[in-house]
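Just so you know, we're using the working numbering here: the sequence shown kicks off at 340 and counts up by one.
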Amino acid sequence: MAEAASQGVLQLGACQLDLERGLLLRDGAAVPLRSKAFSLLSYLARNDGKVVTKSDLISAVWGSIAVTEDSLTQAVRDIRKALDDSDQAILKAVPKRGYVLSAPGQKAPLSSQPVVAVVPFEDGRSPGETSDPVIDAFAGDVADKLARFHTVTILNRETAIAAFRQAQGSGPPIAVRPDYFVQGSVIRNRDRLKISAKLVDARAGTLVWGESYTAAGPDLFAVQDEIAYRVVNRLVSNLEAAALRRTAGKPTQDLAAYELVTRAIVRFRGYRPEDNSEALSMLEAAVSRDPDYGLAHAYMALVELAIADYGSAPQDIIASCIERASLAVALAPDEPRCHRILAQARLAARDHEVAQYHMRRALDINPYDADTMMQMGHVLSLRGRPRDGLELMDRAIAVNPLHAEWYHCDRAMALYAARDYGGAATTIQRLPYGPRRWSLLAATLARSGDEAGARECVLHIRKSDPGFSPIDHLRLGIEFEKPEDSDHLVEGFEIAAAIAD
């Protein structure tokens, strides 16, 4: 049994443990599990059907690190929670001896979804570079189209790049190992593009499929559809050709508008003071070129909301952003980012139920998008369900371990709401410095009893931005549905301010 488990995919209830790729999956999606708990589960799987003593497990997982049986017990709890094994039918305790994993030991069904990493396409004129925004955005659009099939698991951009570098021997090891890479190159000559795409077996390094295309203007999007279809058709049997056509749709007929939006999104992700205003100018230009470009309208609404500080924005700006984001959804109803942005605008208006509906709609369209998982977790947290929110956030981080910094902000807020002040403080400290970060950190440190740290945060705010109101930011900018949750946050900062006075 142990040998069979070490070479295959072990079925554990509704989950599949893929030891070779370092993944615990349920319905094709990664199940979050802390590293020590995963190591413990893997060790038990390699000894499937055998009782392993507690001392052997501690030695195998923690090595020379001195830990008590409490650490082992917590890891066992984490595993049972991940496997939904509340009745202990899978991971059993053997009194006075240890633990045994009771699983069939056979490989999971072959219908388990393949994991695909779509890596950035190269600029065919300058191999190794992707300075052209249209070329840089090409792989992301292909990945989005692939994810809509719901028959393959698509890694987020950052994780895909890290996995590709690891496969080339030029990057640090990561736990997620894709089955296939989609890669290629694009040569751009004004509005004409020559595109080469290929599907590569990640383990064998062999070519599964490859093809070249020539596209002009909006034909680019038809090529993206074709690549997505060809890739999935190679990986999944009984695929209906209509599946992609139902969800695909050309985002715009104007390649220049597409380029403006891709540039704006990159700029919006930056942290310079002028990034948001520059992104807004690009989006306004894109909408001017193509008034029916739904994604351009959506990001325009989001950038305007960000400039006005989300929930702290004046009501007329929030209403305007909702109107524009609603137009985006009407123009592109199958574009998950439009629904996600409308959810954010509705959240700013404290319309939590509608916000959750559109975030769920975005997740239904693209169930493996880590950003949407993270923001759905944030919505749940703001609605008074921080534990449920954290569970979804952990799943997002498992899918996208090399995530953007804003993940830390959403997760810190959920941890604070769950009264895990130590975890919240550790998470906040990973964010860039600024009054908003110091406001939340001050409340967290005050709640955890770190008076010196709380005082330092308050003094930082007063010195760096005397006109900034932490109370207004925490009460208005963070859109809790229940007044008591908002009070809990504001009172945390008031404790810190009293310490500093």
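Ideal Cβ positions, reconstructed from N, Cα and C, are used throughout, including at glycine.
Treat the numbers as computed from the prediction; the structure is a model and nothing was measured.
- By the criterion of a C-beta distance shorter than 8 Å, LYS375 is surrounded in its chain by VAL400, TRP401, SER410 and ALA414, once the five residues flanking it on both sides are discounted.
- The three-state reading of DSSP puts VAL738 in helix, counting H, G and I together.
- In chain order, ILE526 and THR553 place their CB closer than 6 Å to the CB of LYS533, counting only its own chain and leaving out the 5 sequence neighbours on each side.
- Taking ALA701 as the centre and dropping the five residues before and after it, the same chain places the C-beta of PRO675, HIS678, ARG679 and THR711 closer than 6 Å to its C-beta, in chain order.
- Per DSSP, reduced to three states, the secondary structure at TYR632 is coil, with no helix or strand assignment.
- Beyond the five residues adjoining it in sequence on each side, TRP548 comes within less than 8 Å, by CB distance, of LYS537, LEU538, ARG569, VAL570 and ARG573 in the same chain, given in chain order.
- Looking at the DSSP output, GLU550 sits in a beta bridge with ALA536.
- Here TYR707 has ALA368, ALA486, THR492, ILE493 and VAL738 as same chain residues with Cβ atoms under 7 Å from its own Cβ, once five neighbours each way along the sequence are excluded.
- The beta strand (DSSP E) runs of length 3 or more contained entirely in the stretch 614–663 do not exist; there are none.
- Looking at the DSSP output, LEU719 shares a beta bridge with no other residue.
- In this structure, LYS431 lies away from GLU408, with their beta-carbon atoms at least 9 Å apart.
- In the DSSP annotation of this structure, the continuous segment of the alpha helix (DSSP H) that includes TYR382 starts and ends at 374–385.
- Straight through space, the alpha carbons of ARG385 and ALA709 are spaced by roughly 30 Å.
- Here PRO725 is actually not in contact with ALA764; their C-beta atoms are around 16 Å apart, not less than 8 Å.
- By DSSP's assignment, ASP462 forms a beta bridge with SER465 and VAL525.
- If you look at GLY437, you'll find it in the beta strand (DSSP E) that goes 437–440.
- Short of 6 Å from the beta carbon of ILE657, and not among the five residues preceding or following it, lie these beta carbons of its own chain, in chain order: ALA687 and ALA688.
- Around the beta carbon of GLN654, a 10 Å sphere encloses fewer than 16 other beta carbons of the protein chains shown; the residue is thus reported as exposed.
- Looking at ARG758, ILE429 and LEU815, the one whose alpha-carbon comes closest to that of ALA647 is LEU815.
- For TYR760, the closest C-alpha among the options ARG775, ARG496 and LEU784 is that of LEU784.
- Sequence-distant partners of ASP811 (beyond 5 residues in either direction) whose C-beta falls short of 7 Å from its own C-beta, in its chain, are SER651.
- For THR412, the three-state secondary structure derived from DSSP is helix.
- A contact between stretches requires three or more CB pairs, one per stretch, nearer than 8 Å, and the stretch 791–798 fails this requirement with the stretch 657–670.
- For LEU430, the beta-bridge partners assigned by DSSP are LEU440.
- With respect to the 9 Å criterion, ALA735 and LEU779 are not classified as neighbours on the basis of their beta carbons.
- Cβ contact annotation for SER535 (same chain, cutoff 6 Å, sequence separation greater than five): GLY523, SER524 and SER551, in chain order.
- Contact between LEU351 and LEU422 holds: CB atoms are separated by about 5 Å, below the 8 Å threshold.
- Excluding residues up to 5 positions away in sequence, LEU379, TYR382, LEU383, LEU411, GLY437 and TYR438 lie with their Cβ nearer than 8 Å to the Cβ of LEU396 in the same chain.
- The C-beta distance from GLN683 to LEU641 rounds to 6 Å, short enough to fall under 8 Å.
- Minimum Cα-Cα distance from GLY510 among the listed residues SER808, ILE566, LEU741 and ASP824 corresponds to LEU741.
- Minimum Cα-Cα distance from ASP462 among the listed residues ALA456, VAL455, PRO472 and VAL454 corresponds to PRO472.
- Of the candidates VAL390, GLY788 and LEU731, the residue whose Cα lies closest to the Cα of PRO371 is LEU731.
- Of the residues VAL390, ARG496, ALA561 and TRP745, the one whose Cα lies closest to the Cα of ILE767 is TRP745.
- Residue pairing by DSSP places VAL391 opposite TYR438 in a beta bridge.
- For ARG365, there is no enclosing alpha helix (DSSP H); the residue is part of the beta strand (DSSP E) that begins and ends at 362–365.
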